[in-house]
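J.: First to last, the protein sequences are chains A and B. Residue 49 in our numbering is what sits at position 24 of the first sequence, and the numbering runs on without skipping anything. Residue 1407 in our numbering is what sits at position 74 of the second sequence, and the numbering runs on without skipping anything. The beta-carbon is built from N, C-alpha and C at its ideal position, and this holds for glycine as well. Model, not experiment: these values are computed from the prediction. Starting off with a structure, shown below.
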Amino acid sequence: MTIPISTYLIYLAISIALTIWVGRTLHKNGRVFLVDVFHGNETLADSVNHLLVVGFYLINFGYVSLALKLGYLVETPQGSIEALSFKIGMVLLVLGGMHLFNVFVFNRMRRRANPQHHPPVAPDEFTPIQQQEA
Amino acid sequence: MLWLTVLYDPECGLCRRAHEWLAEQTKLIDLNFVPCASEEARHRYPQLNHDLTKKDLTVIGDNGAVYFGPKAWLMVLWALTRYREWSYRLAAPELLPTTKRVVSLISQTRYQISRATGLTR
């Protein structure tokens, strides 16, 4: 196998493995948040969780695929490792960004669904209320 | 808390506009609007200092808790689905002094603002 081909194959193997690992983490740990957001409706939570993870995979695999092309010829093993490290670094950054964005979305959904109940400020005084005639 | 009574100034155009805007917002708790120092307000809250409610926005909870001025504004925000988070943010110790200053300024100049923006009817 030539050096360029093996570089591409190693890139694909590592990128796909990383994406699947992050996707599974998101799937496993995001579920708890969603169950909370949907007030214990587990069917709905699982459904939304699945849809989110599919979106995550599509975007990441799309990026991995688009970023495959090197644009120059790798001739030495050293060049191959350097190219791999750059490409995988980019994939990691995109994965990290996507992952943090997902966590942010989950947290925001949870806060929206469970508003705090105590008033933001303490009252100045208390006054009796005249009961209204029905 | 299930509802808040808002004692607003019916003579100020800005307040009427705010009232219309509030009526359109989705709420986490109900808001009842009563003109300040009106017959109805005096009847509902016989022991309240009604002269004070003419000076600044007043909000009263269903438990009789009274909030004046900036606190009343924060309570109104707190009642709205979209702005509850903001009510906590603006009431945080770092921001509360600024919130109070801005709200008092708007409150004191409400007639001038109404006139300048053509909200007087």
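Taking C-alpha atoms, which residue in B:N1365, B:L1347, B:S1371, B:R1350 lies nearest to L1337 (chain B)?
T.: Walking along the second sequence from the start, residue 1337 (chain B) turns up at place 4. Looking at the Cα atoms, B:N1365 is the closest of the given residues.
J.: Check the Cβ-Cβ distances between F151 (chain A) and every residue of chain B, and say whether any is below 8 Å.
T.: As a working mapping, residue 151 (chain A) is identified with position 126 in the first sequence. Judged by the 8 Å Cβ criterion, F151 (chain A) is in contact with chain B.
J.: Suppose contacts are defined by Cβ-Cβ distances below 8 Å. Is P145 (chain A) in contact with W1411 (chain B) by that definition?
T.: Translated into the one-based positions of the first sequence, residue 145 (chain A) becomes position 120. Translated into the one-based positions of the second sequence, residue 1411 (chain B) becomes position 78. Yes. Within cutoff.
J.: So if I threshold CB-CB distances at 7 Å, which residues from the segment 1350 to 1377 of chain B count as touching chain A?
T.: L1361, H1376, R1377
J.: Using 10 angstroms around the beta-carbon of Y1378 (chain B), count the other beta-carbons present and answer buried if the total reaches 16, otherwise exposed.
T.: Along the second sequence, read from residue 1 onward, the residue named residue 1378 (chain B) stands at position 45. The residue in question, Y1378 (chain B), is buried, as its Cβ has 16 or more Cβ neighbours within 10 Å.
J.: Taking the beta strand (DSSP E) that N1365 (chain B) belongs to, which residues open and close that run?
T.: Within the second sequence, the letter at position 32 stands for residue 1365 (chain B). From DSSP, the beta strand (DSSP E) with N1365 (chain B) extends over 1363 to 1368.
J.: Express the C-alpha separation of E67 (chain A) and A159 (chain A) in angstroms, rounding to a whole number.
T.: Here residue 159 (chain A) is taken as the residue at index 134 of the first sequence, counted from 1. Here residue 67 (chain A) is taken as the residue at index 42 of the first sequence, counted from 1. In this prediction, A159 (chain A) scores a pLDDT of 43, lower than 50, which makes its location untrustworthy; the coordinate-derived value is nonetheless stated afterwards. For A159 (chain A) and E67 (chain A), the distance between alpha carbons rounds to 43 Å.
J.: So which of A:F63, A:L34, A:P29, A:I39 has the shortest CA-CA distance to N132 (chain A)?
T.: Residue 132 (chain A) sits at position 107 when you count from the first residue of the first sequence. The shortest Cα separation from N132 (chain A) among A:F63, A:L34, A:P29, A:I39 belongs to A:F63.
J.: Find the residues of chain A that neighbour I1393 (chain B), judging by a C-beta separation of less than 8 Å, and give them in chain order.
T.: Your numbering for residue 1393 (chain B) matches position 60 in the second sequence. Result: T152, I154.
J.: Which full runs of the beta strand (DSSP E) of 3+ residues lie inside the segment 1369 to 1424 of chain B, going along the chain?
T.: Runs found: 1391 to 1394, 1398 to 1401.
J.: For A1398 (chain B), would you say it is in contact with chain A, using Cβ-to-Cβ distances shorter than 8 Å as the test?
T.: Walking along the second sequence from the start, residue 1398 (chain B) turns up at place 65. For A1398 (chain B), the nearest beta carbon of chain A is closer than 8 Å to its own beta carbon.
J.: Have a look at A:L34, A:D61, A:A92 and flag the residue whose alpha-carbon is nearest the alpha-carbon of L118 (chain A).
T.: For the purposes of this step, residue 118 (chain A) is taken as residue 93 along the first sequence, with counting starting at 1. Closest option to L118 (chain A), Cα to Cα, is A:A92.
J.: From this set, B:E1373, B:L1428, B:R1350, B:Y1421, which residue's C-alpha is nearest G1451 (chain B)'s C-alpha?
T.: Here residue 1451 (chain B) corresponds to residue number 118 of the second sequence, with the count starting at 1. When each option's Cα is compared against that of G1451 (chain B), the closest is B:R1350.
J.: Once DSSP output is grouped into helix, strand and coil, what is the label at E150 (chain A)?
T.: Locating residue 150 (chain A) in the first sequence gives position 125, where the first residue counts as 1. In this structure, E150 (chain A) counts as strand in the three-state DSSP scheme.
J.: Roughly how many angstroms separate the alpha carbons of K1433 (chain B) and H52 (chain A), rounded to a whole number?
T.: As a working note, residue 1433 (chain B) is residue 100 in the second sequence. As a working note, residue 52 (chain A) is residue 27 in the first sequence. Their backbone Cα atoms lie some 44 Å apart in a straight line.
J.: Hey, how far is the Cα of S31 (chain A) from the Cα of T1414 (chain B)?
T.: Position 6 of the first sequence, counted from the start, is the residue given in the question as residue 31 (chain A). Position 81 of the second sequence, counted from the start, is the residue given in the question as residue 1414 (chain B). Cα to Cα, S31 (chain A) sits roughly 56 Å from T1414 (chain B).
J.: Report yes or no: do the segment 1384 to 1400 of chain B and the segment 110 to 124 of chain A share at least 3 C-beta pairs separated by less than 8 Å?
T.: no
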